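>
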Amino acid sequence: MSIMKWDPLKDLFYMEKHIDKLISKSFKEQSNNWSPVVDIIENDNIIILSAELAGVNEEDMEVNISEGILSISGVKKSLEEEYSSDDYFYKIESVSGKFCRSFAIPANINTSAVKASLKDGVLKIILQKTNKQNSKTIKIKSE
Numbered sequence: 028m029s030i031m032k033w034d035p036l037k038d039l040f041y042m043e044k045h046i047d048k049l050i051s052k053s054f055k056e057q058s059n060n061w062s063p064v065v066d067i068i069e070n071d072n073i074i075i076l077s078a079e080l081a082g083v084n085e086e087d088m089e090v091n092i093s094e095g096i097l098s099i100s101g102v103k104k105s106l107e108e109e110y111s112s113d114d115y116f117y118k119i120e121s122v123s124g125k126f127c128r129s130f131a132i133p134a135n136i137n138t139s140a141v142k143a144s145l146k147d148g149v150l151k152i153i154l155q156k157t158n159k160q161n162s163k164t165i166k167i168k169s170e
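Following this line, the structure appears as structure tokens:
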């Protein structure tokens, strides 16, 4: 008969792993929405919005302006999608899921001159002020 070392915490870690999976699956839909942090700067000629969107690809987001409302929406993919279902995550602090932020623009904007760029995880939108109001979807360029 061989002697085997018994680890009393092993069963607890195993149980914790399965309880965590059960809880995360139960509440996954609730936690899939998040809001990126946005800074807004304005002067006499332009409005600049900078949104922190690290880990979001430009093809996974959209910027729209319509009737004085600027909307930034998209999806940040979860790290879990890159790993197998057998992998155990000890801690997940990164956010993922759908996001949408909308802002009332305090001035009429020249939608044909709007520029949006994504660099180092920051989406920068430059809005030129004008006297007339119109609508447009803006294409984001990666730098």
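Residue numbers (the working numbering): 28 to 170. Every residue, glycine too, gets a C-beta built ideally from N, C-alpha and C. Since this is a predicted model, take the numbers as computed values, not measurements.
Can you list, in chain order, the residues of its chain whose CB lies under 6 Å from that of S77, leaving out five sequence neighbours each side?
In the sequence shown, counting from the first residue as 1, residue 77 sits at position 50. The residues D66, V149, K151, in chain order, have a CB closer than 6 Å to that of S77 in the same chain once the five nearest residues on each side in sequence are set aside.
> Give the single residue among N72, S111, Y110 whose Cα lies nearest to the Cα of N137.
Here residue 137 refers to the residue found at position 110 when the sequence shown is read from its first residue. Checked all of N72, S111, Y110; the closest Cα to N137 is N72.
> If we define contact as Cβ-Cβ less than 7 Å, is E120 a contact residue for chain B?
This model lacks chain B altogether; it includes just one protein chain.
> With a floor of 3 residues, list each beta strand (DSSP E) that falls wholly inside the region 127-156, ordered by position along the chain.
142-146, 149-155
> Would you kindly report the start and end of the unbroken beta strand (DSSP E) that includes E94?
Here residue 94 refers to the residue found at position 67 of the sequence shown. Unbroken run through E94: none, as it is neither H nor E.
> Please report the Cβ distance between I153 and I75, rounded to the nearest whole angstrom; I am assuming they are in contact, meaning their Cβ atoms lie under 8 Å.
Mapped onto the sequence shown, residue 153 falls at position 126. Mapped onto the sequence shown, residue 75 falls at position 48. Contact holds; Cβ gap of about 6 Å.
> Only counting the same chain, and skipping five residues up and downstream in sequence, which positions put a Cβ closer than 8 Å to that of V122?
Along the sequence shown, read from residue 1 onward, the residue named residue 122 stands at position 95. Excluding sequence neighbours, V122 sits near W61, K103.
> Evaluate F126 with the Cβ neighbour count: other Cβ atoms within 10 Å of its Cβ, from every protein chain shown; 16 or more gives buried, anything less gives exposed.
As a working note, residue 126 is residue 99 in the sequence shown. Its Cβ being crowded by 16 or more others within 10 Å, F126 is buried.
> What separation, rounded to the nearest whole angstrom, lies between the Cα atoms of S105 and G124?
As a first step, residue 105 is located in the sequence shown; it is residue number 78 there, counting from the start. As a first step, residue 124 is located in the sequence shown; it is residue number 97 there, counting from the start. Between S105 and G124, the C-alpha separation is close to 7 Å.
> Residues in the same chain with beta-carbon distance under 7 Å from E85, minus the five sequence neighbours each way, listed in chain order, please.
Residue 85 sits at position 58 when you count from the first residue of the sequence shown. Within the same chain, E85 has close Cβ partners L145, I167, S169.
> Exposed or buried, G82, counting other C-beta atoms within 10 Å across all chains shown (16 or more means buried)?
In the sequence shown, residue 82 corresponds to position 55, counting from 1. Its Cβ having fewer than 16 others within 10 Å, G82 is exposed.
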